[in-house]
Amino acid sequence: MSNRLMLLSGFIIMFILSTKAENIDIQNINPKDPELIARWKFDNPASGISPDMSIDKGYTISGNYKFVDGVVGKCIKMDGFTTQVRSNNLYTDKLEDAFSVEAWIALATYPWNWCPVVSQNEKQSSGFYFGIGPQGEAGLFVSVNGKWNRCITTSQIDLRKWNHIAATFDSNKGLEIYINGIFSGSLELSGKVSINNNTDVLMGRNAEKVIPSNPVRTYATLPSWFSLDGICDEIKLYSGVISKEMIMEEASKQSSIGEPDIPVRIMPSGPTGPGKFGAYYTKLKYYEEWDALWRVSDHTDIVVQFDDSPIKVVFWRGTRYSPVWVMENGQWMADQSAEYFDELDGCFEHMIDPHCLYSHVRIIENTDARVVVHWRYIPVSVRRKFSQVDEITGWQDCVDEYFTFYPDGIGVRKVIEHSTGNPLHPSESIVLCQPGTTPEDNIHLDAMTLVNMQGEHYTYSWANGAPEFKKGENPPDPVIQIVNLKSENKPFTIFEPENTMAVFGIEQREDVSHFPWWNHWPVAQNLSDGRYCQAADRASHFSLAWGSPPNHKGENNTYWYTWLYGASTSSPVDLASLARSWNNAPEIIIKNSGFNNSGYDKTQRAYILGWKDKEKPEKIELTISASKESPMVNVCIIMKNTGARIAKIIKGKRTLENGLDYRTGVVNTLNGDELILWINGESQNQESYQIYFK
1239 MSNRLMLLSG FIIMFILSTK AENIDIQNIN PKDPELIARW KFDNPASGIS
1289 PDMSIDKGYT ISGNYKFVDG VVGKCIKMDG FTTQVRSNNL YTDKLEDAFS
1339 VEAWIALATY PWNWCPVVSQ NEKQSSGFYF GIGPQGEAGL FVSVNGKWNR
1389 CITTSQIDLR KWNHIAATFD SNKGLEIYIN GIFSGSLELS GKVSINNNTD
1439 VLMGRNAEKV IPSNPVRTYA TLPSWFSLDG ICDEIKLYSG VISKEMIMEE
1489 ASKQSSIGEP DIPVRIMPSG PTGPGKFGAY YTKLKYYEEW DALWRVSDHT
1539 DIVVQFDDSP IKVVFWRGTR YSPVWVMENG QWMADQSAEY FDELDGCFEH
1589 MIDPHCLYSH VRIIENTDAR VVVHWRYIPV SVRRKFSQVD EITGWQDCVD
1639 EYFTFYPDGI GVRKVIEHST GNPLHPSESI VLCQPGTTPE DNIHLDAMTL
1689 VNMQGEHYTY SWANGAPEFK KGENPPDPVI QIVNLKSENK PFTIFEPENT
1739 MAVFGIEQRE DVSHFPWWNH WPVAQNLSDG RYCQAADRAS HFSLAWGSPP
1789 NHKGENNTYW YTWLYGASTS SPVDLASLAR SWNNAPEIII KNSGFNNSGY
1839 DKTQRAYILG WKDKEKPEKI ELTISASKES PMVNVCIIMK NTGARIAKII
1889 KGKRTLENGL DYRTGVVNTL NGDELILWIN GESQNQESYQ IYFK
């Protein structure tokens, strides 16, 4: 082969190699001090959530992700749970004396603990780690002189905005970090970085599970997988130290970049405003990346709505199906499940079941007169242990809860605990915070009003720390808790007089919030029974008080509890009347000999009657003996085994209007039908009714 032909062949080969390097998404450039070693542009066009797909030979992406508009061209959007970019070790042996790293990022939330933007390290014994911390701080960590050295900024990146972050290492000076072109931290250090050339470069997710930061109990918070929750673009790695001027010039582009593709996140509750009274199966959508995790079909959630109220009651997998009362302005009021605790595993409760393996809901009744939803769950710990397991039978604590809702927007909760151990504790006033909000955004510092059955009331303030409910005072014998959310409608609970309600006065950080504030629940997928909020970035919750309703011993190793829920603009005096109508329900007197009268069932907020004959009844006459001490407030009457429907109702001399003055429903069971009658009316006097059947 002639020299000319050899030269031409070499030129062609070099041209092909050069062209190939231009076409792949990662660029490798032989280092010159300072020179670009690698750049991850993420310019591959794609759409949708893509599981475990190799993009090209330059790097692989595992987990869920998508490509969106970036600072330059396209970029990668990570899901916060699974995404990891892995790249072969690229000239990292050139980093020993000096290196620089920079990236553009826009995060929806801060990570649960330190998470890499780009890293190449072997369990902190070699290499470097450039990442974001749980409070939004940036950090550069390096292995020098056999020690893992950490430089962390005191300032944070902004959420939901593009941020330019950069860091440098100089073996003679140490570490420096810049956020949006502003010098934000340094660490004096001398010595070379120890590099392991057999370790891959990782972006977005750590090489192993990490414990979420700031746990309430370290023994009840387990290591978890998580990734950056947001967008990364133009990740660059240099040998040598890039200048401050170069960093500032790149950061100056921030004002000309469009908004990042991070939609606002709002916990879902269905359509706004009033709707036809009833319970509805649905599949509520939160945000794309969270929804993509769930291995569920349609009809996974339940929403209850009311004709005359914008309030919703939501049974959503994001809360592990514990119901939430959603106000007209989107604020969420929740409660606790039955809960057990020990010093080995921490809490056993519904909150620690992120996949809803042991928690589900179903609709039992759904008529114009009332709705009944059943929630069944098993209290579980972070290690998936169960509470108070019976040594002989192997059965653990199991809980059935029945929520009965009426058209007036009042709900009754009945908790049935199946246990051969001690009774559990099921009541705690918990407010949920939408992402981006703090407790103070959701509630007044005069946060709770207690009311007794006489209507006497007192409002407690958290302005100077958690208050104390003193038994017998302010007011004496309270049975009602009103939560003073920043909404027009205020949620309330009504308990039996034997309650021992108390303020939730533990786990507070007064330098952070007036209220104890955590984000291990709702929606979080980590196994933790408590994690203190580090920012208002995620859905979170805070607690006000325990209701401590009395437990009642039932049959077959059961305990049961019951109390009322609602949300309205009613005054304390009006709510006291409702409390008396439930705690001191007026007597119902039946004139017909064909009906059994089982009296008032507090767990259903209903009178229970039974028809004894085979033939349908023609008529029933009844009197409700209401008084000031035992008022009537929207009565429900259940008539079993009548086989009939209601033709008309006469009160005094007035014929009541179906749909306005009363509503009916029929529930068929294996033991016969149940005719449900709900009467819309309030009185402190005796009221007589003639009910005609057909």
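Residue numbering for the sequence shown follows the numbering used here, starting at 1239 and increasing by one per position.
Built from N, CA and C at the ideal position, the CB exists for glycine as well.
Please read all numbers here as calculations on a predicted model, not as lab measurements.
Inter-residue CB distance, V1650 and P1664 (contact presumed, cutoff 8 Å): Residue 1650 sits at position 412 when you count from the first residue of the sequence shown. Residue 1664 sits at position 426 when you count from the first residue of the sequence shown. In fact, because the Cβ distance is near 14 Å, the residues do not count as touching under 8 Å.
Distance cut-off 7 Å: V1309 Cβ against heavy atoms of the ligand MG: Inclusion of the ligand MG in the displayed structure is not the case, the ligand content being empty and no account of it being possible.
Through-space distance from N1722 to E1806, alpha-carbon basis: Taking the first residue of the sequence shown as 1, we reach residue 1806 at position 568. Taking the first residue of the sequence shown as 1, we reach residue 1722 at position 484. First, the residue type needs correcting, since residue 1806 is Ser and not Glu in the sequence shown. In a straight line, the C-alpha of S1806 is about 11 Å away from that of N1722.
contact_flag[the segment 1872 to 1879, the segment 1847 to 1863] where n(CB pairs < 8 Å) is 3 or more: yes
Residue from N1834, E1577, V1905, T1675 with nearest C-alpha to N1347: Numbered from its first residue, the sequence shown carries residue 1347 at position 109. The question names Asn, but residue 1347 in the sequence shown is Thr. Answer by Cα proximity: T1675.
Bridge-paired residues (DSSP) for E1920: Position 682 of the sequence shown, counted from the first residue, corresponds to residue 1920. BP columns for E1920 point to V1871.
Straight-line gap, P1289 to W1759 (C-alpha atoms, nearest Å): Within the sequence shown, numbered from 1, the residue matching residue 1289 stands at position 51. Within the sequence shown, numbered from 1, the residue matching residue 1759 stands at position 521. Low local confidence applies: a pLDDT of 36 at P1289 is under 50, so the model's placement there is unreliable, and no value is given.
Sequence-distant residues of the same chain with beta carbon closer than 6 Å to V1323, five excluded per side: Taking the sequence shown and counting its residues from 1, one reaches residue 1323 at position 85. Result list for V1323: Y1297, I1299, M1441, G1442, in chain order.
DSSP beta-bridge partners of F1579: The count along the sequence shown starts at 1 and reaches residue 1579 at position 341. BP columns for F1579 point to C1585.
Among E1853, L1802, P1810, I1275, the one whose alpha carbon lies nearest that of R1843: To locate residue 1843, count along the sequence shown from 1; it is residue 605. Among E1853, L1802, P1810, I1275, the Cα nearest to that of R1843 is on L1802.
Backbone secondary structure at S1863 - three-state DSSP: If you number the sequence shown from 1, residue 1863 lands on position 625. If DSSP states are grouped into helix, strand and coil, S1863 belongs with the strands.
With 16 other Cβ atoms within 10 Å as the buried cut-off, status of S1481: Locating residue 1481 in the sequence shown gives position 243, counting from the first residue. It counts as exposed.
Where T1557 falls, given that 16 or more other Cβ within 10 Å makes a residue buried: Working through the sequence shown from its first residue, we reach residue 1557 at position 319. T1557 is buried by the Cβ-count criterion.
Beta strand (DSSP E) segments (min. 3 residues) lying fully within the segment 1375 to 1450: 1375 to 1382, 1385 to 1394, 1401 to 1408, 1412 to 1417, 1420 to 1426, 1439 to 1441
K1474 classed as buried or exposed, judged by whether at least 16 other C-beta atoms fall within 10 angstroms: Locating residue 1474 in the sequence shown gives position 236, where the first residue counts as 1. So K1474 counts as buried.
Integer-rounded CB distance, given that A1572 should sit under 8 Å from V1542: Taking the sequence shown and counting its residues from 1, the one referred to as residue 1542 is at position 304. Taking the sequence shown and counting its residues from 1, the one referred to as residue 1572 is at position 334. Going by Cβ atoms, the distance from V1542 to A1572 rounds to 15 Å, so no, they are not a contact pair.
As assigned by DSSP and simplified to three states, the class of M1571: As a first step, residue 1571 must be located in the sequence shown, where it is residue number 333. M1571 falls in the strand class under three-state DSSP.
Neighbourhood of A1783 by C-beta, 8 Å cutoff - its chain only, sequence neighbours within 5 removed: The residue you call residue 1783 lines up with position 545 of the sequence shown. Cβ within range, chain order: E1666, S1667, M1686, F1707, Q1719, M1739, A1740, V1741, F1742.
Pair within 8 Å by beta-carbon distance, I1914 and R1600: For the purposes of this step, residue 1914 is taken as the residue at position 676 of the sequence shown. For the purposes of this step, residue 1600 is taken as the residue at position 362 of the sequence shown. Contact: no.
Distance CB(M1870)-CB(P1810) smaller than 8 Å: Taking the first residue of the sequence shown as position 1, residue 1870 is located at position 632. Taking the first residue of the sequence shown as position 1, residue 1810 is located at position 572. No, the pair does not count as a contact, with Cβ atoms beyond the cut-off.
Residue ranges of each alpha helix (DSSP H) within the segment 1742 to 1787, 4 or longer: none
Helix, strand or coil at W1613 [DSSP, three-state]: By one-based count along the sequence shown, residue 1613 stands at place 375. Of the three classes helix, strand and coil, the one that applies to W1613 here is strand, per DSSP.
Local conformation of G1881 per DSSP, three classes: As a first step, residue 1881 must be located in the sequence shown, where it is residue number 643. Note: G1881 maps to coil in three-state DSSP.
Beta-carbon spacing of E1472, A1341 below 8 Å: For this step, residue 1472 is matched to residue 234 along the sequence shown. For this step, residue 1341 is matched to residue 103 along the sequence shown. Yes, they are a contact pair.
Backbone secondary structure at I1888 - three-state DSSP: Taking the first residue of the sequence shown as 1, we reach residue 1888 at position 650. Strand at I1888.
Helix, strand or coil at Q1719 according to DSSP, with G and I counted as helix: Taking the first residue of the sequence shown as position 1, residue 1719 is located at position 481. Here Q1719 sits in strand by DSSP.
L1894 (DSSP reduced to helix, strand or coil): Here residue 1894 is taken as the residue at index 656 of the sequence shown, counted from 1. Of the three classes helix, strand and coil, the one that applies to L1894 here is coil, per DSSP.
Three-state class that DSSP yields for T1456 in the structure shown: In the sequence shown, the residue the question calls residue 1456 occupies position 218. DSSP places T1456 in helix when its eight states are reduced to three.
Distance, A1701 Cα to F1753 Cα: Along the sequence shown, one-based indexing puts residue 1753 at 515. Along the sequence shown, one-based indexing puts residue 1701 at 463. Roughly 9 Å separates the two Cα atoms.
Same chain, Cβ closer than 8 Å to K1523, five either side skipped, listed in chain order: Here residue 1523 corresponds to residue number 285 of the sequence shown, with the count starting at 1. P1506, D1529.
Pick from A1344, N1435, L1425, R1277 that is closest to N1327, judged by C-alpha positions: Locating residue 1327 in the sequence shown gives position 89, counting from the first residue. Nearest of A1344, N1435, L1425, R1277 to N1327, Cα basis: N1435.
S1247 versus L1333: straight-line alpha-carbon distance, rounded: In the sequence shown, residue 1247 corresponds to position 9, counting from 1. In the sequence shown, residue 1333 corresponds to position 95, counting from 1. Low per-residue confidence applies at S1247: pLDDT is 42, beneath 50, and the placement is therefore not dependable, though the value from the model is reported in the following sentence. In a straight line, the C-alpha of S1247 is about 35 Å away from that of L1333.
Spatial distance of V1562 from V1552 (CA atoms): Numbered from 1 along the sequence shown, position 324 holds the residue referred to as residue 1562. Numbered from 1 along the sequence shown, position 314 holds the residue referred to as residue 1552. Looking at the two C-alpha atoms, the distance is approximately 5 Å.
Proximity winner among D1281, A1344, F1407, relative to S1338 (alpha-carbon distances): As a working note, residue 1338 is residue 100 in the sequence shown. Of the listed residues, the one whose Cα sits closest to S1338 is F1407.
Candidates V1689, N1567, S1625: closest to D1679 by CA position: As a working note, residue 1679 is residue 441 in the sequence shown. Among V1689, N1567, S1625, the Cα nearest to that of D1679 belongs to N1567.
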